[in-house]
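> A single structure is presented below for examination.
This is the structure:
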């Protein structure tokens with residue numbers, strides 16, 4: 510079980526997306542909560558909480574003096590995540606962290622034009638692997654792979670071939 514608490518802030522409407530991964534994270538991690546909102550005015554964050562949000566003023570997660578007790582992750586498209594962050598004083602009050610430059614996302618079904626962009630589940634797994642290197646993330650990774658496989662199985666063969 511992860512020692513680090515994970516709080517997912519999901520932009521409303523994302524929960525209806527059939528390829529969203531926040532629910533996968535919530536179901537797979539015991540120490541996880543999912544909040545749906547467009548603005549975070551208050552957040553009962555633990556001491557040492559950080560928000561995973563790359564950009565100016567963020568510190569690489571690997572460079573923190575001590576591991577955070579809570580990881581806050583925004584779930585939504587990049588544009589919606591930026592809007593949610595910019596409108597949320599409680600998120601802006603947290604130290605911002607980013608991941609080291611990531612490999613290309615394995616989530617080929619939803620793409621971003623941003624270099625190093627990851628799905629929510631990939632970002633959470635990458636962050637937890639840094640914060641708690643001994644943590645067994647196999648079950649969460651298997652759930653993610655299963656989501657991808659089920660989605661691909663529903664596609665026509667000629668479309669599916671583009672992703673394999």
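Numbering (the working numbering), first residue to last: 510 to 673.
Backbone N, C-alpha and C define an ideal beta-carbon position, used for all residues, glycine too.
Since the structure is predicted, the reported quantities are computational estimates derived from the model, not experimental observations.
For residue 570 and residue 635, I'd like the C-alpha separation in whole angstroms.
As a working mapping, residue 570 is identified with position 61 in the chain shown. As a working mapping, residue 635 is identified with position 126 in the chain shown. The straight-line gap from Cα to Cα measures roughly 10 Å.
> Checking 8 Å against the spacing of the C-beta atoms, do residue 575 and residue 606 come in under that value?
As a position in the chain shown, residue 575 is number 66, starting the count at 1. As a position in the chain shown, residue 606 is number 97, starting the count at 1. It is not a contact, given that the beta carbons lie outside the stated cut-off.
> Would you mind listing the beta strand (DSSP E) stretches within the region 549-628 that are 3+ residues and don't spill past its ends, in chain order?
Whole beta strand (DSSP E) segments, 3+ residues: 558-561, 579-584, 605-607.
> For the candidate residues 633, 648, 637, 626, whose alpha-carbon lies nearest to that of residue 564?
The residue given as residue 564 occupies position 55 in the chain shown. Considering only alpha carbons, the answer is 626.
> If you run the structure through DSSP and keep just helix, strand and coil, what is residue 630?
Taking the chain shown and counting its residues from 1, the one referred to as residue 630 is at position 121. In this structure, residue 630 counts as helix in the three-state DSSP scheme.
> Going by CA-CA distance only, name the one from 514, 581, 597 that's closest to residue 559.
In the chain shown, counting from the first residue as 1, residue 559 sits at position 50. Ranking 514, 581, 597 by Cα distance to residue 559 puts 581 first.
> Does the Cβ of residue 538 have 16 or more other Cβ atoms within 10 Å, making it buried, or fewer, making it exposed?
Position 29 of the chain shown holds residue 538. The residue in question, residue 538, is buried, as its Cβ has 16 or more Cβ neighbours within 10 Å.
> Would you mind sorting residue 603 into buried or exposed? The rule is 16 or more other CB atoms within 10 Å of its CB.
Counted from its first residue, the chain shown places residue 603 at position 94. Residue 603 is buried by the Cβ-count criterion.
> When the Cβ atoms of the region 512-525 are set against those of the region 534-548, are three or more pairs found closer than 8 Å?
Result yes; three or more Cβ-Cβ pairs closer than 8 Å.
> If you reduce the DSSP assignment to three classes, tell me which class residue 519 lands in.
For this step, residue 519 is matched to residue 10 along the chain shown. Correct three-state label for residue 519: strand.
> Under 8 Å by Cβ, that's how I've got residue 556 and residue 578 pegged, so tell me the actual separation to the nearest angstrom.
For the purposes of this step, residue 556 is taken as residue 47 along the chain shown, with counting starting at 1. For the purposes of this step, residue 578 is taken as residue 69 along the chain shown, with counting starting at 1. About 6 Å; that satisfies the 8 Å criterion.
> Quick check on this structure: which residue in 543, 585, 510 has the alpha carbon closest to the alpha carbon of residue 528?
In the chain shown, the residue the question calls residue 528 occupies position 19. That would be 585, whose Cα lies nearest to the Cα of residue 528.
> Applying the criterion that 16 or more other CB atoms from any shown protein chain within 10 Å of the CB defines a buried residue, is residue 651 buried or exposed?
Translated into the one-based positions of the chain shown, residue 651 becomes position 142. Result: exposed.
> I'd like to check one pair, residue 544 with residue 519: are the Cβ atoms closer than 8 Å?
Your numbering for residue 519 matches position 10 in the chain shown. Your numbering for residue 544 matches position 35 in the chain shown. Yes, Cβ-Cβ distance for residue 519 and residue 544 is below 8 Å.
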